[in-house]
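Since the structure comes first, as structure tokens, the remarks are kept for the end.
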Amino acid sequence: MLKRGPFVHVQQWFSIFSSRNYSKIGVIGAPFDKGQRKEGAALGPSSLRQSGLIKHLESIGCDVHDFGDIDYQPTREEGTVKNVRNMKDVIAFNEKLSQKVSQIIKDGRMCLTLGGDHSIGVGTVHGHLKAQPETSLLWVDAHADINTPVTSNSGNAHGMPLSFHIKELTEYQPEIPGFEWHSPMISARNIAFIGLRDVEPYERLIIEKLGMCALSMEEVHGIGIKEAVKYALSRIDPRNSRHIHVSFDIDALDPLEAPSTGTPVRGGLTLREGTELLRSVHRTGRLSAVDIVEVNPLLGSASDLKITLDAARHLAAAAAGYYPGGWAPKGVTDIPQS
Ligand SMILES: [Mn+2]
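Quick note on the working numbering: the sequence shown kicks off at 543 and runs consecutively.
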């Protein structure tokens with residue numbers, strides 16, 4: 543039996559508040575996996591839907607509109623950009639995605655994008671910034687994804703999306719034919735990383751040169767996830783005034799929590815930390831876009847996939863403000879009698 547006291551009142555207030563705070567969500571699928579070599583991440587949106595992610599959001603009280611998938615057939619033509627594999631497809635896919643994300647946000651819905659590999663962050667962040675230029679970005683990831691085509695070792699676009707968005711990196715980008723629709727629209731001071739644990743030397747150099755807020759797993763471990771999120775938001779949104787975009791790579795979670803992904807790294811966030819992170823951002827009232835990327839249904843066993851899809855569903859619910867303490871039925875104050 544719970545004691546009556548201030549703590550219980552706080553919980554009650556919070557649950558009453560939460561139960562009224564239904565999220566309006568627009569879901570867009572981004573079935574694209576040409577930003578890296580492994581096939582399968584393009585099947586992410588369909589397997590996330592099949593796993594009941596959208597039904598789950600509805601069951602917790604969200605008003606969800608599913609806008610379907612971005613319709614795109616990869617050309618598989620090699621582009622003319624040195625050291626970026628499939629750049630032509632990356633550019634064409636993301637142009638469509640950017641437009642859709644803008645439209646969903648302008649319609650007043652939180653845009654939930656289901657990836658796809660992380661190269662789709664080119665379109666989601668661009669589309670968000672077009673709709674809401676005053677936006678800060680939380681990049682939740684084991685990797686920094688901030689290579690330019692010049693610094694990249696792999697030539698994989700999923701390791702570069704951030705570099706394309708950052709104003710301070712403009713002069714370090716090569717000419718990219720067909721990419722004229724895109725321009726860098728965010729300053730490095732409005733971007734923070736959480737969950738880093740596999741950062742390449744040139745990526746670290748960029749982070750340091752630009753003075754970016756980068757919380758690796760060491761900092762998360764040191765101060766705890768709640769403080770880490772609070773600190774990151776205070777750095778990238780010091781006046782509590784900006785919209786917030788969370789680009790959540792499922793590989794930010796530990797492989798024990800999300801094994802079906804292309805570039806897993808041990809020592810990651812627990813699912814509890816991931817959901818706490820998203821709930822914290824939701825509580826600001828300014829979370830307007832979330833990407834969940836790099837779920838690859840072709841990797842791992844059936845049980846690995848189920849664990850990964852479950853994790854993604856919990857993350858989506860947390861972003862929508864799901865309160866794990868539950869809600870009493872709306873408008874009912876008494877326990878029914880026989
Ligand atoms: Mn990533």
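Backbone N, C-alpha and C define an ideal beta-carbon position, used for all residues, glycine too. These numbers come from a predicted model, not from an experiment.
Cut-off 7 Å between Cβ atoms - residues of its own chain near residue i, not counting five sequence neighbours on either side
| i | result |
| --- | --- |
| P866 | none |
| V881 | Outside the displayed span of the chain (543 to 880) sits residue 881, for which this structure offers no information. |
| L819 | V682, I736, I767 and V771 |
| T617 | K630 and D631 |
| T622 | P719 |
| D608 | V569 and I596 |
| Q674 | I647, H785 and S830 |
Start-to-end residues for the beta strand (DSSP E) that takes in residue i
| i | result |
| --- | --- |
| S758 | C755 to S758 |
| M629 | Careful: M629 lies outside any beta strand (DSSP E), inside the alpha helix (DSSP H) at M629 to K648. |
| L654 | M652 to G657 |
| D833 | L829 to V835 |
| H607 | D605 to D611 |
| I749 | Element bounds for I749: not the beta strand (DSSP E) but the alpha helix (DSSP H), P743 to K751. |
| H787 | H785 to D791 |
| S822 | It is not in any beta strand (DSSP E) - S822 instead sits in the alpha helix (DSSP H) that spans L813 to R825. |
| T677 | T677 to V682 |
| G568 | K566 to A572 |
| I602 | Run containing I602: none; DSSP gives neither H nor E here. |
| F735 | I733 to L738 |
Same chain, Cβ closer than 8 Å to residue i, neighbours up to 5 away in sequence not counted
| i | result |
| --- | --- |
| M543 | In this predicted model, M543 has a pLDDT of only 40, less than 50, meaning its place in the structure is not dependable enough to derive any value. |
| G753 | A730 and R731 |
| R855 | L590, S593, G594, L595 and H598 |
| E676 | S783, R784 and H785 |
| M759 | G737, L738, R739, G809, G810 and L811 |
| R825 | G863 |
| N625 | P691, V692, S694 and G697 |
| G794 | One detail in the question is off: residue 794 reads as Ala in this sequence, not Gly. Excluding positions up to five away in sequence, the list reads V682, D683, A684, I736, G737, G810, L811 and G816. |
Given residue i as reference, the closest of the options once Cα atoms are compared
| i | options | result |
| --- | --- | --- |
| N805 | I602, N628 and K580 | Reading the sequence as shown, one finds Thr at residue 805 and not Asn. T805 has its Cα closest to that of K580, out of I602, N628 and K580. |
| G697 | L795, P797 and V632 | V632 |
| L798 | L847, G827, W681 and R828 | L847 |
| L654 | F790, L840, S589 and Q879 | F790 |
| P703 | G665, G669, A583 and P719 | G665 |
| L840 | G658, G571, R651 and C604 | G658 |
| R777 | L757, A572 and P675 | L757 |
| A859 | R746, P573 and C604 | C604 |
| D613 | F706, L680, F574 and R746 | F574 |
| V886 | H670, T850, Y773 and D649 | Since the displayed the chain opens at 543 and closes at 880, residue 886 lies outside it and no answer follows. |
| H668 | M652, V692 and I708 | I708 |
| G816 | I792, R825, T875 and E713 | I792 |
| T690 | E717, P675, L680 and Q674 | E717 |
| L747 | Y864, S802 and S694 | S694 |
| F706 | I749, I728 and I646 | I728 |
| D852 | L813, G873 and E710 | L813 |
| L680 | S822, A800 and D876 | S822 |
| A861 | S802, Y773 and I834 | I834 |
| D649 | G842, Y714, F721 and A831 | A831 |
| I733 | I749, I647 and L585 | I749 |
| L775 | C755, E836 and T803 | C755 |
| S565 | L585, R651 and K642 | R651 |
The alpha helix (DSSP H) enclosing residue i, as first and last residue numbers
| i | result |
| --- | --- |
| S593 | No alpha helix (DSSP H) contains S593, which DSSP labels as neither H nor E. |
| D846 | A844 to A861 |
| V667 | G663 to A673 |
| H707 | P703 to H707 |
| S776 | I767 to I778 |
Neighbourhood of residue i by C-beta, 6 Å cutoff - its chain only, sequence neighbours within 5 removed
| i | result |
| --- | --- |
| W723 | E637 |
| D779 | S678 |
| G571 | P587, D611 and L656 |
| R828 | H785 and I786 |
| K672 | S644 |
| E619 | K630 |
| F635 | F574 and Y614 |
| S517 | One cannot answer for residue 517 here, as it falls past the ends of the chain, which runs 543 to 880. |
| H700 | G577, Q578, D659, H660 and S661 |
| P726 | H707, I708, K709 and T712 |
| S880 | none |
Any C-beta of chain C under 7 Å from that of residue i
| i | result |
| --- | --- |
| R821 | The chain inventory of the structure shown lacks chain C, comprising one protein chain alone. |
Worksheet item: Who's in the neighbourhood of ligand 1, going by beta-carbon under 7 Å from any heavy atom, listed in chain order?
Response: Taking a cut-off of 7 Å from the heavy atoms of ligand 1, the residues with a C-beta inside it are H660, D683, H685, D687, H700, D791, D793, V835 and E836.
Discussion item. Could you check whether the region 676-688 touches the region 600-614, counting it as contact only if at least three pairs of C-beta atoms, one from each stretch, sit closer than 8 Å?
Written reply: Below 8 Å, too few C-beta pairs join the region 676-688 and the region 600-614 to call them touching: fewer than three.
Worksheet item: Is there contact here, the region 806-813 with the region 734-752, by at least three beta-carbon pairs under 8 Å?
Response: Contact between the region 806-813 and the region 734-752 is present, because at least three Cβ pairs lie under 8 Å.
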